[in-house]
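Take a look at the structure below.
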Amino acid sequence: MALAPVGAQNTESLVLYSGRNEELIQPIIDRFIEETGVQVDVRYGNTAGLANQIIEEGANSPADVYLGQDAGALGALAQAGALAPLPDDILERVSPVFRSPDGLWVALSGRARVLVYNPPLLEELGLPLPDSIADLTDPMYRGLVAWPPTNASFQSQVTALRLLLGEDETLAWLQDMIANDVIPFSNNTALNQGVLAGEAVMGLTNHYYIFRIYNEDPDAPIALHFFPAGDPGSLINIAGAGVLATSDQPGLAQRLLLYLLGTPAQQYFADMTVEYPVIDGVALDERLTPLDQIEPPDIDLSDLADLEPTLDMIEDSGALD
8 MALAPVGAQN
18 TESLVLYSGR
28 NEELIQPIID
38 RFIEETGVQV
48 DVRYGNTAGL
58 ANQIIEEGAN
68 SPADVYLGQD
78 AGALGALAQA
88 GALAPLPDDI
98 LERVSPVFRS
108 PDGLWVALSG
118 RARVLVYNPP
128 LLEELGLPLP
138 DSIADLTDPM
148 YRGLVAWPPT
158 NASFQSQVTA
168 LRLLLGEDET
178 LAWLQDMIAN
188 DVIPFSNNTA
198 LNQGVLAGEA
208 VMGLTNHYYI
218 FRIYNEDPDA
228 PIALHFFPAG
238 DPGSLINIAG
248 AGVLATSDQP
258 GLAQRLLLYL
268 LGTPAQQYFA
278 DMTVEYPVID
288 GVALDERLTP
298 LDQIEPPDID
308 LSDLADLEPT
318 LDMIEDSGAL
328 D
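Now the structure itself:
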């Protein structure tokens, strides 16, 4: 799909609902505007909140494209019939794991769930890294592990546990973590800073937060541990996008998605966020474990939309007390 030449007269326009922040998204959208002449009105907000807004707006939604930072929100829009099927030239740019099975959304970047830890503290305690997320309930880790129970990415991980292990086993894991004196933090940023400061020895988080710390101090005593292949703790979630079924500009909307899946945009996301690119040929930060060395659990990311039972379970477990 060819881009219009720079400077071409063009009054075409799109409305983008973005659940990713303006600091990250606006520069790449500005590049798209400059290169194509297509105007893009971006409305920023919370990923889940914007998805719910689209569902409430129904046929009257002004949005042409939805961009969210969680597969669950995209899955919810797909289940609500709010997304249009994407053409093969978009879907085939990524591997099947990075698109919805019914072709309604596509990933723009990958985000691995990991265990962040403080190596000097772990060595001082003489403890091994856990082989599985299930091992965090072992008494040897009592009072050492952190989690952010109100964070959306953590809640998606619990949803994945429900789908993989079942309701009873997941609830038992939550309760066992609490009994093992898990340390709550308000969000991933606070958790990573807490591990760095020694308020916890390790914690469940997304992989890229640690690089914000490295930007301040490349020698900071903090590191990533990826759980082994197929472990429920090795979930790869995504940030992604879809075209609204009610859009009156589906061709332009698809054009924006193709642009965001192009090499320059993918390199931009990889450089800015240290997230995983979803197409081949993009340089990866050398400190990251390559995706082909991570084997996530077998799960349809669209199923992460089943969030309500997860929220109830987290509350029932006492994790929010």
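The sequence shown begins at 8 in our numbering and counts up by one.
Even for Gly, the Cβ is constructed at its ideal location relative to N, Cα and C.
All values reported here derive from a predicted model rather than from experimental measurement.
Mind listing, in chain order, the continuous beta strand (DSSP E) runs of no fewer than 3 residues lying wholly within the region 100 to 170?
Within the region 100 to 170, complete beta strand (DSSP E) segments of at least 3 residues are found at 113 to 124 and 152 to 154, given in chain order.
For the beta strand (DSSP E) containing residue 202, list its first residue and its last residue.
In the DSSP annotation of this structure, residue 202 is not part of any beta strand (DSSP E); the continuous alpha helix (DSSP H) holding it starts and ends at 195 to 204.
Beta-carbon contacts of residue 220 that lie in its chain and below 8 Å, excluding the five residues immediately before and after:
Counting only Cβ-Cβ distances below 8 Å, and skipping sequence neighbours, we find 199, 200, 203, 227 and 229.
Ordered along the chain, which non-local residues of its own chain (more than five positions away) have a Cβ less than 6 Å from that of residue 267?
Answer for residue 267: 115, listed in chain order.
By the DSSP assignment, the beta strand (DSSP E) with residue 20 in it spans what residues?
For residue 20, the uninterrupted beta strand (DSSP E) run begins and ends at 20 to 25, by DSSP.
Sequence-distant residues of the same chain with beta carbon closer than 6 Å to residue 15, five excluded per side:
At residue 15, the pLDDT of 44 sits below 50, so the modelled position is not reliable and the matter cannot be decided from this model.
For a minimum of 4 consecutive residues, which ranges assigned as the alpha helix (DSSP H) are wholly contained in the region 244 to 285?
Counting only runs of 4 or more, we get 257 to 267 and 270 to 280.
Are residue 244 and residue 160 closer than 8 Å when you measure CB to CB?
Residue 244 is a Cβ neighbour of residue 160, given a cutoff of 8 Å.
Just to check my reading of the structure: residue 34 and residue 309 have Cβ atoms closer than 8 Å, yes? What is that Cβ distance to the nearest angstrom?
Not really, about 29 Å apart at Cβ, beyond 8 Å.
For residue 25, count neighbouring Cβ atoms within 10 angstroms of its own Cβ and tell me buried if that reaches 16, exposed if not.
Around the beta carbon of residue 25, 16 or more other beta carbons sit within 10 angstroms, so the residue counts as buried.
Extent of the continuous beta strand (DSSP E) to which residue 73 belongs:
Element bounds for residue 73: 72 to 75.
Measuring CA to CA, which of 177, 214 and 223 is closest to residue 301?
The residue with the shortest Cα to Cα distance from residue 301 is 214.
Return the residue from the list 188, 106, 136 and 90 that minimises the CA-CA distance to residue 154.
The residue with the shortest Cα to Cα distance from residue 154 is 188.
Quick check on DSSP: helix, strand or coil for residue 37?
Looking at residue 37 - three-state DSSP - the assignment turns out to be helix.
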